[in-house]
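Below: the structure, in structure tokens.
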Amino acid sequence: MANALDAILEILTWVGFGAAVAFGVAAVVVWAADGSWLPVEAYLDDDDRTVRWIDGDGEVNAAPLSPDDRAEWQGDRAQIWYRHGWHDRMRLAPRPPVLKLLWGLAIGGLAVGAVSTVGSIIAIFVRG
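Position 91, counted from 1, in the sequence shown is what my numbering calls 91; the numbers after and before it change by one each time, with no gaps.
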């Protein structure tokens, strides 16, 4: 029984720390590839489908709103994030949602690895 517990804890340790590294690297790659997005106040155009804003260079930009974005939009103006160095690219969130998922999986893997390591150490001392 002790050998089976040791094997399970060892496997969970390696899988947990391995998943933490893999998802952590994936999160860093997604974060780096995402680029720079800057906040700005944007206005909804009269047709209720187009958003307009002035970027940091003083240029006027416009982008169409998707139906999902329109459902989240409140009033005639809102805080958006636009892509630095690009024209007519915007989104309503500062980072992509997949980034939060990847960081959560990395932290979860780290927690599994740490708990399994502590469990292995406790099992060694309990056995004597």
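Beta carbons are placed, not taken as given, at the ideal position from N, Cα and C, and that holds for glycine.
Note to self: Check whether the stretch 59 to 66 and the stretch 19 to 32 are in contact - that is, three or more C-beta pairs closer than 8 Å.
What the structure shows: no
* Can we say the stretch 87 to 95 touches the stretch 114 to 127, given the rule of at least three CB pairs closer than 8 Å? -> no
Hey, quick one: how far does the alpha helix (DSSP H) through W81 stretch, first residue to last?
Position 81 of the sequence shown, counting from 1, holds the residue named residue 81. Run containing W81: none in the alpha helix (DSSP H); it sits in the beta strand (DSSP E), 77 to 83.
ask   = Does the distance from the C-beta atom of D69 to that of L44 stay below 8 Å?
value = Walking along the sequence shown from the start, residue 69 turns up at place 69. Walking along the sequence shown from the start, residue 44 turns up at place 44. No, the Cβ-Cβ distance between D69 and L44 is not below 8 Å.
Exercise for the section: Along the beta strand (DSSP E) that carries R52, what are the first and last residues, could you check? Expected result: Numbered from its first residue, the sequence shown carries residue 52 at position 52. Where R52 is concerned, the enclosing beta strand (DSSP E) stretches over 50 to 54.
Between the Cα of P39 and those of A71, A20, W53, spot the shortest distance and give me the residue it belongs to.
To locate residue 39, count along the sequence shown from 1; it is residue 39. Here the closest residue by C-alpha is W53.
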